[in-house]
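Trainee: Have a look at the structure that comes next, please.
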Amino acid sequence: MTNSDIPADPEADPKLGIADQALLLTAVCAIGLVGNTVATDATLVQSVTGIAILYVISMIGVLLTQLVPFGLPSVAWISLVGIAATLPWTPGSAWVLEQVGHVNFLTLATPCLAYAGIAIARREIEIAKTSGWKIFIVALLVMTGTYVGSAMVADLFL
Amino acid sequence: MTRTGEILLDWRLHASVLAITIIAELIGVIAVPIAIGSILLLPLLYAFVMGLLINPNVVSRAGGWLRQREVRAASPLIVIAIMPFIAKFGTIIGPSMEQIVAAGPALILQELGNLGTIVLAFPIAVLVLRMGRESVGASFSVAREPNIAIIADRYGLKSPEGAGVMGVYVIGTLFGTFIFAILASVLATSGLFSVEALAMACGIGSGSMMAACSGALAHAVPAMEEQILALAGASNVLTYATGMYLCIFVALPLTEKLYALMGPKEDRA
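Protein chains in written order, with this note's numbering: chain A, 1 to 158; chain B, 1001 to 1269.
Here's what the structure looks like:
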């Protein structure tokens, strides 16, 4: 057992460098590519182009996370780059949209959840067992609360 | 050899994820009809379950194939693997910018709805379940990574508050995608809320929960798919950006105040 069995401890995951992230992202995109050809009617060429663009967007986001000292997480930067690339007034946005249109959004989440299932550490199983049924009920209410709460407020102002 | 080299060379890990992805996508989306609508089972849910089934910490007989080494290597890959998904979501938000700006006030104010965790969970934790200070950590937020950091910083993770936030974090990790997929599909068919409102509420601040939530919603109301994904994605980005501040300046102080009012007498300040 090492430190990395402690989930979500900010110190637990050693920070990956840019080159490391670029390499691992390639592996992940390759899996996504296979998933997309299974899940959709897109040809291999269409899938490759679409995923290559998503790769570039992700990497620009990763670079921005390192360069801009705002403390925004990389996922926030990646979203912003993806938004900026496809705004109606961005040059070439129609082409980008057409290419990424061949990639199914839900399929891209599938490998991530597979990694998440494999990453569950012994300590997390122990926490789930020892926290008991009370925490389980509270967790259910927490998730229902944030969802219904947000939907209620949104409905009021729509 | 570098650490990344080692992670890449964990070929059993990546081969397993590849196989799981193919199987999950071949099964596809299944709708299970229930009394008040239908529950949608998504490939990402099967992928998570299959990942658990080959995890030696969950099923000890799986230890022959994956070892602790692969389990540890999988953890940093969760963040990497969600990146192309988040990039794709960005490209769904971009073209709908005008719609999102039009929905702006609702979109921004619904972030306050995340305080619903306190409204619903805190009173029951304290008054019904008679929990102590762990109820503060358990119910002030939806207990994702940034929220854990806040609790770790203020109370330490070994404190009762730390136990509370970690408990909800783990339950969320294990069951969150299922719970949000069920909530979204049931509420979409109930007609209680508008579909746009349900879409915005999917922005929870966790990529996989948002995927399950908006995916289920989009399959329940296919005619509005683009709009659902754009609103959910925009709301999720907003939560990434504002969630931490809402927690530090509003949610946690509010939960502390409520604990002082409603908590066990000996704990009251």
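C-beta atoms are modelled at their ideal positions from N, C-alpha and C, and glycine is treated no differently.
In whole angstroms, give me the CA-to-CA distance for D9(A) and L1066(B).
Mentor: Interpretation of D9(A) is limited by its pLDDT of 39, a score under 50 that renders its predicted location unreliable; no figure is taken from the coordinates.
Trainee: Do you know offhand how far V179(A)'s Cα is from I57(A)'s?
Mentor: No answer is possible for residue 179(A): it lies beyond the span of chain A, which begins at 1 and ends at 158.
Trainee: Under 8 Å between the Cβ atoms of K1088(B) and F70(A)?
Mentor: No, these two residues do not count as a Cβ contact at 8 Å.
Trainee: Among V62(A), V28(A), T130(A), V45(A), which residue has its Cα nearest to the Cα of L1013(B)?
Mentor: Among V62(A), V28(A), T130(A), V45(A), the Cα nearest to that of L1013(B) is on V28(A).
Trainee: Can you give the Cα-Cα distance for I6(A) and E124(A), rounded to whole angstroms?
Mentor: Note that I6(A) scores a pLDDT of 38, beneath 50, so its modelled location is shaky; the value from the coordinates is reported in the next line. Rounded to whole angstroms, I6(A) to E124(A) spans 8 Å at the Cα level.
Trainee: Quick check: what's the CA-CA separation for A22(A) versus M59(A)?
Mentor: Distance between the alpha carbons of A22(A) and M59(A): 7 Å.
Trainee: Quick check on P88(A): buried or exposed, where buried means 16 or more other Cβ atoms within 10 Å of its Cβ?
Mentor: The residue is exposed, with fewer than 16 neighbouring Cβ atoms inside 10 Å.
Trainee: How is A116(A) classed by DSSP in three states: helix, strand or coil?
Mentor: Helix, per DSSP.
Trainee: Under the assumption that T1021(B) contacts P111(A) (Cβ atoms under 8 Å), give the Cβ distance between them as a whole number of angstroms.
Mentor: Between P111(A) and T1021(B) the Cβ distance is about 5 Å, and since that is below 8 Å, they are a contact.
Trainee: Count the other C-beta atoms from every protein chain shown that fall within 10 angstroms of the C-beta of V1032(B), then say buried if there are 16 or more, exposed otherwise.
Mentor: The residue is exposed, with fewer than 16 neighbouring Cβ atoms inside 10 Å.
Trainee: Around the Cβ of R1133(B), are there at least 16 other Cβ atoms within 10 angstroms (buried) or fewer (exposed)?
Mentor: The residue is buried, with at least 16 neighbouring Cβ atoms inside 10 Å.
Trainee: When we look at the beta-carbon of V81(A) and count the other beta-carbons within 10 Å, is it buried (16 or more) or exposed?
Mentor: Buried is the call here.
Trainee: Around the Cβ of K1257(B), are there at least 16 other Cβ atoms within 10 angstroms (buried) or fewer (exposed)?
Mentor: Exposed, since its Cβ has fewer than 16 Cβ neighbours within 10 Å.
Trainee: Using a Cβ-Cβ cut-off of 8 Å (strictly less than) and excluding sequence neighbours within five positions of K1030(B), which residues of its own chain qualify?
Mentor: Contrary to the premise, residue 1030(B) reads as Ile rather than Lys in this sequence. Once the five neighbours on either side are set aside, the close Cβ partners of I1030(B) are L1040, L1041.
Trainee: Helix, strand or coil: which one does DSSP assign to S1038(B)?
Mentor: Three-state DSSP puts S1038(B) in a strand.
Trainee: Spatial neighbours of D1010(B) within its chain, please: CB distance less than 6 Å, with the 5 preceding and 5 following residues excluded, ordered by chain position.
Mentor: Contacts found: E1070, A1073.
Trainee: Cutting at 6 Å between CB atoms, please list the residues of its own chain near S1159(B), excluding the five before and the five after it.
Mentor: Within the same chain, S1159(B) has no close Cβ partners at all.
Trainee: Only counting the same chain, and skipping five residues up and downstream in sequence, which positions put a Cβ closer than 7 Å to that of I1054(B)?
Mentor: Around I1054(B): S1016, A1062, W1065, L1066.
Trainee: I want to verify the contact list: residues of chain B whose CB lies under 7 Å from the CB of D155(A), in sequence order.
Mentor: Those are F1193, S1194, A1197, listed as they occur along chain B.
Trainee: Does the CB of I18(A) have a neighbour CB from chain B at under 8 Å?
Mentor: No, I18(A) does not count as interfacial toward chain B.
Trainee: Quick check: is the beta carbon of Q46(A) nearer than 8 Å to any beta carbon in chain B?
Mentor: Answer no: the Cβ-Cβ gap between Q46(A) and chain B never drops below 8 Å.
Trainee: Could you check whether the stretch 1161-1172 of chain B touches the stretch 130-138 of chain A, counting it as contact only if at least three pairs of C-beta atoms, one from each stretch, sit closer than 8 Å?
Mentor: Output reads yes: the stretch 130-138 of chain A touches the stretch 1161-1172 of chain B.
Trainee: I need the DSSP call for I1027(B), collapsed to helix, strand or coil.
Mentor: Helix at I1027(B).
Trainee: Quick test of your reading: G1233(B) and V1126(B), contact by CB under 8 Å. State the CB separation rounded to the nearest angstrom.
Mentor: Between V1126(B) and G1233(B) the Cβ distance is about 35 Å, and since that is not below 8 Å, they are no contact.
Trainee: Just the chain B side, please: which residues come within less than 9 Å of G92(A) by C-beta, in chain order?
Mentor: The contacting residues do not exist; G92(A) stays about 12 Å from chain B at best.
Trainee: Taking the alpha-carbon positions, what's the L1229(B) to L108(A) distance?
Mentor: Spanning the two alpha carbons is a distance of roughly 14 Å.
Trainee: When you compare the CB of P1095(B) with every CB in chain A, is at least one pair closer than 8 Å?
Mentor: Closer than 8 Å to some Cβ of chain A, the Cβ of P1095(B) qualifies, so yes.
Trainee: Using a Cβ-Cβ cut-off of 6 Å (strictly less than) and excluding sequence neighbours within five positions of N1236(B), which residues of its own chain qualify?
Mentor: So the qualifying residues of the chain are G1203, M1210.
Trainee: Could you tell me if Y1245(B) is buried or exposed, where buried requires 16 or more neighbouring beta carbons within 10 angstroms of its beta carbon?
Mentor: Under this definition Y1245(B) is an exposed residue.
Trainee: Under the three-state reduction of DSSP, which class applies to D5(A): helix, strand or coil?
Mentor: Any reading at D5(A) is ruled out, since the residue's pLDDT is 37, under 50, leaving its predicted position unreliable.
Trainee: Just reading off the alpha helix (DSSP H) that I1054(B) is part of, what are its end residues?
Mentor: Note, I1054(B): premise wrong, no alpha helix (DSSP H); not H, not E.
Trainee: Looking only at its own chain, which residues have a Cβ that is under 6 Å from the Cβ of F1180(B), when we skip the five neighbours before and after it?
Mentor: Same-chain partners within the cutoff: M1209, A1212, C1213.
Trainee: Classify W95(A) as buried or exposed, calling it buried when 16 or more other Cβ atoms lie within 10 Å of its own Cβ.
Mentor: W95(A) should be labelled exposed.
Trainee: Contact criterion: CB-CB distance below 8 Å. Does T43(A) meet it with respect to chain B?
Mentor: So, not an interface residue.
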